[in-house]
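The block underneath contains the structure these notes are about, expressed in structure tokens.
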Amino acid sequence: EYTKGTTKTLQEGENGLRRVTMQNVYDTNGVLLEQTTEDPIVAANLNGSGMLALTTEASGTKGHVEVYSAALQKLFDFNAHRRFVADACVTEDGKYLAAVTMGQADSVFVSNVVIYDLTQEDPIAEYSVQDGLVAAMRGKGSQILTVSDTCLTAGNAAGEIIGTYSYANEFL
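Numbered according to our numbering, the sequence shown spans residues 112 to 283.
Right, dumping it as structure tokens:
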């Protein structure tokens, strides 16, 4: 689990003073990652091996995701330009990144899970979470679990939906 903190500071740059947002990702031992950026953190997920997927807003894109090793070495990053990125996580084996992207089709919001092999630049697979707006995700074993407003969906790195549990119009 993580928490994030934000403090606003002024720093002197080439063109005088500018506002910088300092954002920290904490774990139970304290500050896990300290980042000075003007791009706000949207989401941060740690897998069981300590790998971090950090989703931020980035100027000129619809989202930016960075993957860090347990030692906080940056391993992978990408900018989204077609759909907004809401969340991302690294699979437990540390080989794949799954990112939830949001878009619209026929005036309905659509959540897609886009899969990246961390050794390749382009996505390798994707699947849609049917009838739901994804609110949270996590890699569990070889599966990617998403929780939406209508269902729990389990998928895999091949872009296949393994199973869905619908709870539409019910309380989870």
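Don't be surprised by glycine CBs; every beta carbon is placed ideally from N, CA and C.
Computed from a predicted model, the values in this text were never measured in an experiment.
* Express the C-alpha separation of L263 and E271 in angstroms, rounding to a whole number. => 14 Å
* Asked: Alpha carbon to alpha carbon, how far is N267 from G174?
  -> 22 Å
* When we look at the beta-carbon of D198 and count the other beta-carbons within 10 Å, is it buried (16 or more) or exposed? -> buried
* To do: Give a single yes or no on whether V245 has its beta carbon closer than 7 Å to a heavy atom of the ligand MN.
  => As presented, the structure is devoid of all ligands, the ligand MN included, so that no description of it is given.
* To do: For N140, name the three-state secondary structure that DSSP assigns.
  => coil
* Asked: Going straight from the alpha carbon of N140 to that of A154, what length do you get?
  -> 19 Å
* Asked: On the three-state DSSP scale, how would you describe N288?
  -> Because residue 288 is not part of the residues shown, which for the chain are 112 to 283, the question remains open.
* Which stretch, first to last residue, makes up the beta strand (DSSP E) that contains E177? -> H175 to Y179
* Identify, in the order they occur along the chain, each residue of the same chain with its Cβ nearer than 7 Å to the Cβ of A181, setting aside the five sequence neighbours on each side. => S160, G161 and M162
* Kindly indicate which three-state DSSP category Q254 falls into: helix, strand or coil? => strand
* DSSP state of Y278, grouped into three classes? -> coil
* To do: Could you have a look at G243 and say whether DSSP puts it in helix, strand or coil?
  => coil
* Within its chain, find whatever has a CB closer than 8 Å to the CB of E232; leave out the 5 residues flanking it on each side and keep chain order. => Cβ neighbours of E232 beyond the five flanking positions: F189.
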